[in-house]
Amino acid sequence: MEYETLDYAVDDRILTLTLNRPDQLNAFTVTMAGELIDAFGRASADESVAAVVVTGAGRAFCAGMNLSVDGNVFGLDESRRPTMAELRQRYDDPAYGVRDTGGRVTLAIYECTKPVIAAINGPAVGVGATMTLAMDVRLASTKARIGFVFGKLGIVPEACSTWFLPRIVGVSRALELAYSADILTAAEADDAGLVRAVHEPDELLPAATALARRFTANRSAVAIALTRQMMYRDAAQPHPREAHLVESLAMFETSVGDGKEGVEAFRAKREPAFQGHDLPADLRSWWIGSRVEDRAAIQELGVLYGFVMDERDEVGIRQIFCADATLRSQDGVFAATGIEEIVTTYLGRFAALGPTNHFSHGHVIRFDPADPDRATGLLASHAEVSRNGVAMQVALRYKDVYRREGGRWRFADRLMSYMYYLPFDELATGLGDRNSVRAYGDQRASDWPEVLYSKNGDTFLDDYR
43 MEYETLDYAV DDRILTLTLN RPDQLNAFTV TMAGELIDAF GRASADESVA
93 AVVVTGAGRA FCAGMNLSVD GNVFGLDESR RPTMAELRQR YDDPAYGVRD
143 TGGRVTLAIY ECTKPVIAAI NGPAVGVGAT MTLAMDVRLA STKARIGFVF
193 GKLGIVPEAC STWFLPRIVG VSRALELAYS ADILTAAEAD DAGLVRAVHE
243 PDELLPAATA LARRFTANRS AVAIALTRQM MYRDAAQPHP REAHLVESLA
293 MFETSVGDGK EGVEAFRAKR EPAFQGHDLP ADLRSWWIGS RVEDRAAIQE
343 LGVLYGFVMD ERDEVGIRQI FCADATLRSQ DGVFAATGIE EIVTTYLGRF
393 AALGPTNHFS HGHVIRFDPA DPDRATGLLA SHAEVSRNGV AMQVALRYKD
443 VYRREGGRWR FADRLMSYMY YLPFDELATG LGDRNSVRAY GDQRASDWPE
493 VLYSKNGDTF LDDYR
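Following this note's numbering, the numbering of the sequence shown begins with 43 at its first residue and continues without gaps.
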């Protein structure tokens, strides 16, 4: 990718990434945002890059968002009236036009697997300041000026700065910087703990490059990448046990990889020659830990299913199932593949039903360790239904596969089974009857528990015991 607003130069394994709009004081644009996101992804994948130094061309680091463009200067779609639920649902939709542009950049920096150092050579204001917070170390020139000036513009801090800034300077100082919207000198930024050191202008970039080399010379690329992610992510875990779990896996992986060379080099009193570059395949899943938000979203999906059924909501069906999803019943009455067949199946079922009330109960969820966007689950449920004019109660068990698409969890496969499906006036006698499915005008064997526990049945619990 050719960059319009950046200079991407690698020298002896150090990438210097220069914001390159000097005539505009390197003012931030939507184009620059896209190029920065690409550049940090490229740096992560490039084995010739050991570390990244970010600086600005000319006399500024970044003067903030370019406020001279027409329309919404922040690149947002003012025709929208977004909600948090909608934003979560359309998180990965590039046409949505609601996500903060600076935040997309800092998240790309956060995900980077290489050390990132900011060499703040001049004014760094607004997003020019907040983008540096996702970088590991900030060095400043004596000519640097740093300002979180959002209050003066009637807007709020962005670029994930309300996550990063309190972790760097503490909540009280972070609020002071945001409330006051003052422009800090380099010395004041140093005093606030924002920067590691202040350098004369001609010494800044050499100091940043030297620090980058110090971080990476004779170091394992895998261990450095893991360490960077562990520090950021584990610090946000709800309990040190979660950090212990991640550290245990990371220690195991590195000890059987580059760690062997490190030990041999130590014993032989020589410099190590680390060869590792490939990170563990399930790296992303390590930091999800208990995955509270994902678990809650999948549990909500189970509840939404009931609402969609009760409301006969065709649009809702299309939203909660993947386009290529499958829907099956254990008794073989229906099997649908793809969203159109699934919709047709449900519309046919609705035709036989009067009012319904679905209730979700226990939900067991297991996340795929190799794919953070896939999970499986068991859900217990029951429903009160009017079927062909007869009031009935049905107890259901669902065996599900969930997949995250477009930032939203959906059903990729749903297998439905019945413990019983009985008229209310037959519950007392029917519950003990093997033939407790009476929804179709006859008496049929229930799926649960005998069939599903049998050697020939679908052993629902094998993966969940």
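Every residue gets a Cβ at the ideal spot worked out from N, C-alpha and C, and that includes glycine.
Asked: Per-residue burial, residue 297 [other beta carbons within 10 Å of its own, 16 or more giving buried]; Found: exposed
Asked: Nearest-angstrom Cα separation, counted from residue 473 out to residue 370; Found: 24 Å
Asked: Inter-residue spacing [alpha-carbon to alpha-carbon] between residue 159 and residue 113; Found: 34 Å
Asked: The stretch 444–452 in contact with the stretch 336–344 per 3-pair CB rule at 8 Å; Found: yes
Asked: Nearest-angstrom beta carbon gap, residue 303 and residue 292 [assumed within contact, 8 Å]; Found: That belief does not hold up - the Cβ atoms of residue 292 and residue 303 are roughly 17 Å apart, past 8 Å.
Asked: Beta-carbon contacts of residue 172 that lie in its chain and below 8 Å, excluding the five residues immediately before and after; Found: 144, 148, 190, 199, 200, 201, 202, 203, 206, 207
Asked: Local Cβ density within 10 Å of residue 197, reported as buried at 16 or more and exposed below that; Found: exposed
Asked: 6 Å CB neighbourhood of residue 471 in its chain, flanking five on each side removed; Found: none
Asked: From 432, 281, 437, 381, residue whose alpha carbon lies closest to that of residue 467; Found: 432
Asked: Presumed contact (8 Å Cβ cut-off) between residue 116 and residue 61, rounded CB distance; Found: Incorrect: roughly 18 Å between the Cβ atoms, too far for contact.
Asked: Per DSSP, cross-strand counterpart(s) of residue 107; Found: 70
Asked: Alpha-carbon spacing of residue 301 relative to residue 155, whole angstroms; Found: 18 Å
Asked: Delimiting residues of the alpha helix (DSSP H) encompassing residue 294; Found: 282–297
Asked: Contact set for residue 49: own chain, Cβ-Cβ below 8 Å, skip 5 residues either direction; Found: 58, 59, 60, 62, 99
Asked: Endpoints, the beta strand (DSSP E) within which residue 447 is located; Found: 432–447
Asked: Residue 116 (DSSP reduced to helix, strand or coil); Found: coil
Asked: Per-residue burial, residue 311 [other beta carbons within 10 Å of its own, 16 or more giving buried]; Found: exposed
Asked: Cβ contact (3+ pairs, closer than 8 Å) linking the stretch 273–283 and the stretch 76–86; Found: no
Asked: Completely contained alpha helix (DSSP H) runs for the stretch 377–441, where each covers 4 or more residues; Found: 381–393
Asked: Beta-carbon gap between residue 403 and residue 425 smaller than 8 Å; Found: no
Asked: Limits of the unbroken alpha helix (DSSP H) element including residue 183; Found: Careful: residue 183 lies outside any alpha helix (DSSP H), inside the beta strand (DSSP E) at 179–183.
Asked: DSSP state of residue 264 mapped onto helix, strand, coil; Found: helix
Asked: Where residue 142 falls, given that 16 or more other Cβ within 10 Å makes a residue buried; Found: buried
Asked: Beta-carbon spacing of residue 226, residue 187 below 8 Å; Found: yes
Asked: Delimiting residues of the beta strand (DSSP E) encompassing residue 60; Found: 56–61
Asked: Under the three-state DSSP convention, the category residue 227 falls into; Found: strand
Asked: Where residue 316 sits in the DSSP three-state scheme; Found: coil
Asked: Proximal residues to residue 157 (C-beta, below 6 Å), its chain only, five neighbours per side dropped; Found: 93, 178, 257
Asked: Residues sharing a beta bridge with residue 124, DSSP; Found: In the DSSP output, where bridge partners are listed per residue, residue 124 has none listed.
Asked: C-alpha gap between residue 268 and residue 89, whole angstroms; Found: 15 Å
Asked: Contact between the stretch 356–367 and the stretch 384–392 (3+ Cβ pairs under 8 Å); Found: yes
Asked: Uninterrupted beta strand (DSSP E) stretches inside the stretch 135–204 (no shorter than 3 residues); Found: 158–162, 165–167, 179–183, 187–189
Asked: Endpoints, alpha helix (DSSP H) assigned at residue 53; Found: Here residue 53 belongs to no alpha helix (DSSP H); instead the beta strand (DSSP E) covers 48–53.
Asked: Three-state secondary structure assigned by DSSP to residue 374; Found: coil
Asked: Residue 86, DSSP secondary structure in three states; Found: helix
Asked: 8 Å Cβ cutoff met for residue 69 and residue 127; Found: no
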